[in-house]
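**Q**
There are 2 protein chains.
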Amino acid sequence: MESLEKVEGAKGRKRGARRDPEANKQLLITATLDTIADIGITDTSVSRICERSGLSRGMIHLHFGGKDNLLTAAAQQFSAEYYAEMDRMTDLGPDASPEDRIMAVVEADLSEVLLNPRSTKIWHAFRGIASSHPGIASYSSTQDEKLVDTLRRAFREIAERSGHDPGLADDATSGTLALLEGMWVNYLTDMQGFSREGAGALIRRFLAGLYPGCFEADLDE
Amino acid sequence: MESLEKVEGAKGRKRGARRDPEANKQLLITATLDTIADIGITDTSVSRICERSGLSRGMIHLHFGGKDNLLTAAAQQFSAEYYAEMDRMTDLGPDASPEDRIMAVVEADLSEVLLNPRSTKIWHAFRGIASSHPGIASYSSTQDEKLVDTLRRAFREIAERSGHDPGLADDATSGTLALLEGMWVNYLTDMQGFSREGAGALIRRFLAGLYPGCFEADLDE
DNA sequence: GTTCTTAATGGACGATCGTCCATTTAATGT
DNA sequence: ACATTAAATGGACGATCGTCCATTAAGAAC
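Those protein sequences? They're chains A and B, same order as listed. Its first residue numbered 172, the first sequence is counted upward by one per residue in the numbering used here. Its first residue numbered 172, the second sequence is counted upward by one per residue in the numbering used here.
As structure tokens, this is what we get:
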């Protein structure tokens, strides 16, 4: 019985490619993000989102109960995708040096996968309306606990190994994140003139100053 | 004749306190910024702005030709006010040390005059829609030429005096601005938990690392 | 094949959007 | 006092907003 149901269900969904609520919810979220990146959050209306998704106008109310909830869901998914990709790109072996782990975060954040026209526009659009949309505010923070922890632990390791002040770790962590934040703004403001390598080198320089003897420029990359 | 006109004009404006196009334009711009800070840029409509300013709904089209132009004018004025205040607060004597001049910029940017709930909300709201509003984009950049120049020159002076690499100045400049950018985001995200002193100390620490021997923590302040 | 359930549609609805303009009001010139 | 000029008003206008629901259509159960 169960296996039969599953097979039939799979067939049905595959054949029609419609009647798949979950897939359509996803379609709406993607269309929302694309629309925001394309024409700005001010002009992102229910009609425009449905138009882009190819679904009917009633779907948003049906699946999300309203535009606001869809926006929140889109922000949540966008944030989740960012951190998932960040995790994937910073999954170095357990024997990687703390410097390498930190710079992996920096370089991931500056890579085209995470830092591109679409993501920057969406990110800043959400941040711009976060103050008046409590639901979205939760997902517009850079202070992801896990990421903060990763950085702080790495900085502490460096301090232990090279005898630096362990109290620096907190400042180094939020400073690194602040620098990355600033780089995103620079990218948004001037995508043509922005240099990923330059931005990475700048942050490395700042960290090298904070932890003398560490973060020496690697000429390999 | 002329003096008589002036007197009468002054009297007339003072008595009625109306019929003053320039003052009303100003009123509209202020109402626009206040509305954005209050209810968010998404809900900032012509009606709401006029409601807050106490003027009639036709005024926006009359004085600015449309909502978009008003928004642009508001962004421009907001930006101008920021830099004017920044200038005022960093006008140290000509014999001030480059470190003091740099830290004056940092502390001004973190002071309540420039960094407060209203300004942060407005700033990020404008930045969020900048991508789709070319007119506003011009005023949402941190890269004010004059400010950049002030910082760069100060960093160069430090390099000359203490024998550091002069090539650092550019990185130090944009790094400082990036750090400040990140601090504004932190403030927006968590106004309660934000510490102006902590933020200033963090930036000083980063700069002290970049320029060993300089930017030692001053215990006076 | 028929019934039942639920996904999906698309138009109706009132509210509000931004623009525009005929009209009123206030100050100036004669 | 009257005419002239410019500022200011507030309602009309069509377009679009977001929400909701009666209807249609598709797949599952029988």
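We treat Cβ as the ideally placed atom computed from N, Cα and C, and that holds for glycine. On a predicted model such as this, the values are computed, not experimentally measured, just so you know.
(1) Does any residue of chain A have a CB that is nearer than 9 Å to the CB of valine 277 of chain B?
(2) Is there a C-beta anywhere in chain B that falls below 9 Å from the one on phenylalanine 249 of chain A?
(3) Which residues of the stretch 272-298 of chain A have a Cβ closer than 7 Å to any Cβ of chain B? Give them in chain order.
(4) Please tell me whether serine 311 of chain B and arginine 298 of chain B are closer than 9 Å, where the distance is taken between their beta carbons.
(5) Listing by chain order, which chain B residues have their CB less than 8 Å from the CB of valine 356 of chain A?
(6) Compile a chain-ordered list of the residues in the stretch 371-383 of chain A whose CB is closer than 9 Å to at least one CB of chain B.
(7) What residue from A/Leu359, A/Thr313 and A/His335 has the CA that sits closest to serine 345 of chain A's CA?
(8) Rank A/Lys317, A/Thr321, A/Ile293 and A/Arg223 by C-alpha distance to the C-alpha of proline 265 of chain A and give the top, closest one.
(9) Can you pull out the residues from the stretch 337-348 of chain B whose beta carbon lies closer than 8 Å to at least one beta carbon of chain A?
(10) Please go through the stretch 269-296 of chain A and give each complete alpha helix (DSSP H) segment of 4 or more residues, from N-terminal end onward.
(11) Of the residues that make up the stretch 197-213 of chain B, which ones have a beta carbon closer than 7 Å to any beta carbon in chain A?
(12) Please name the residue in A/Glu316, A/Met274 and A/Arg289 whose C-alpha comes closest to that of tryptophan 355 of chain A.
(13) Taking the CB atoms as reference points, tell me whether alanine 349 of chain B and phenylalanine 326 of chain B lie closer together than 9 Å.
(14) Give me the Cα-Cα distance between isoleucine 300 of chain B and methionine 230 of chain B, rounded to the nearest whole angstrom.
(15) So, does the stretch 367-383 of chain B touch the stretch 271-287 of chain B, judging by three or more C-beta pairs under 8 Å?
(16) Measuring alpha carbon to alpha carbon, tell me which of A/Gly236, A/Ser268, A/His232 and A/Asp191 ends up nearest glutamate 328 of chain A.
(17) Under 9 Å between C-beta atoms, does threonine 360 of chain A make it to chain B?
(18) Within its chain, find whatever has a CB closer than 7 Å to the CB of isoleucine 307 of chain A; leave out the 5 residues flanking it on each side and keep chain order.
(19) I want to verify the contact list: residues of chain A whose CB lies under 9 Å from the CB of serine 268 of chain B, in sequence order.
(20) Determine, using beta carbons only, whether serine 282 of chain B and arginine 367 of chain B come nearer to each other than 9 Å.
(21) Around the Cβ of serine 227 of chain B, are there at least 16 other Cβ atoms within 10 angstroms (buried) or fewer (exposed)?
(22) Classify lysine 177 of chain B as helix, strand or coil using the three-state DSSP reduction.
(23) Should serine 216 of chain B be flagged as near chain A, meaning a C-beta pair shorter than 9 Å?
(24) Check for me: the alpha helix (DSSP H) holding glutamate 135 of chain B runs from which residue to which?
(25) For a contact meaning CB atoms closer than 9 Å, what does serine 302 of chain B contact in chain A?
(26) So, is leucine 263 of chain A buried or exposed, given that buried needs 16 or more other C-beta atoms within 10 angstroms?
(27) So is alanine 308 of chain A in contact with chain B if we call contact Cβ pairs under 9 Å?
(28) Spatial neighbours of arginine 223 of chain A within its chain, please: CB distance less than 7 Å, with the 5 preceding and 5 following residues excluded, ordered by chain position.
**A** Walking through what the data contain:
(1) No, its Cβ sits nowhere closer than 9 Å to a Cβ of chain A.
(2) Among the CB atoms of chain B, none fall inside 9 Å of the CB of phenylalanine 249 of chain A.
(3) Residues of the stretch 272-298 of chain A with a C-beta atom less than 7 Å from some C-beta of chain B are Lys292, His295, Ala296 and Arg298, listed in chain order.
(4) Going by C-beta atoms, serine 311 of chain B is nearer than 9 Å to arginine 298 of chain B.
(5) When 8 Å is used as the limit between beta carbons, valine 356 of chain A is near these residues of chain B: Arg298, Thr313, Ala349 and Glu352, in chain order.
(6) Listed by position along the chain: Ala372, Leu373, Ile374, Arg376, Phe377, Leu378, Ala379, Gly380, Leu381, Tyr382 and Pro383.
(7) Ranking A/Leu359, A/Thr313 and A/His335 by CA distance to the CA of serine 345 of chain A puts A/Thr313 first.
(8) Out of A/Lys317, A/Thr321, A/Ile293 and A/Arg223, A/Thr321 has the C-alpha closest to the C-alpha of proline 265 of chain A.
(9) Contact annotation: in the stretch 337-348 of chain B, residues whose CB is within less than 8 Å of a CB in chain A are Leu339, Asp342, Ser345, Gly346 and Leu348.
(10) 269-281, all fully within the stretch 269-296 of chain A.
(11) Residues passing the 7 Å Cβ filter: Ile210, Gly211, Ile212 and Thr213.
(12) Proximity to tryptophan 355 of chain A across A/Glu316, A/Met274 and A/Arg289 peaks at A/Arg289, based on C-alpha coordinates.
(13) Not a contact, by the Cβ cut-off of 9 Å.
(14) Going by the C-alpha atoms only, they are around 24 Å apart.
(15) The stretch 367-383 of chain B vs the stretch 271-287 of chain B: in contact.
(16) Residue nearest to glutamate 328 of chain A within the set A/Gly236, A/Ser268, A/His232 and A/Asp191 is A/Ser268 (criterion: CA-CA distance).
(17) Output row for threonine 360 of chain A: interface = yes.
(18) For isoleucine 307 of chain A, where only same-chain residues beyond five positions count, the Cβ hits under 7 Å are Leu242, Thr243, Ala246, Phe297, Ile300 and Ala301.
(19) Those within 9 Å of serine 268 of chain B in chain A number zero; the least Cβ separation is about 19 Å.
(20) In this structure, arginine 367 of chain B lies closer than 9 Å to serine 282 of chain B by Cβ.
(21) Under this definition serine 227 of chain B is an exposed residue.
(22) Confidence in lysine 177 of chain B is poor, its pLDDT being 36 and thus under 50, which makes the residue's placement unreliable; the coordinate value appears in the next sentence. Secondary structure of lysine 177 of chain B (DSSP, three-state): helix.
(23) Not an interface residue.
(24) This structure leaves residue 135 of chain B out entirely; chain B is present only between 172 and 392.
(25) Per Cβ cutoff of 9 Å: Ala208, Gly211, Pro288, Thr291, Lys292, His295, Ala296 and Leu359.
(26) Burial is judged here by how many other beta carbons sit within 10 angstroms of a residue's own beta carbon; leucine 263 of chain A has fewer than 16 and is exposed.
(27) By this cut-off, alanine 308 of chain A is an interface position.
(28) So the list reads Ala202, Asp205 and Thr206, once near-sequence residues are dropped.
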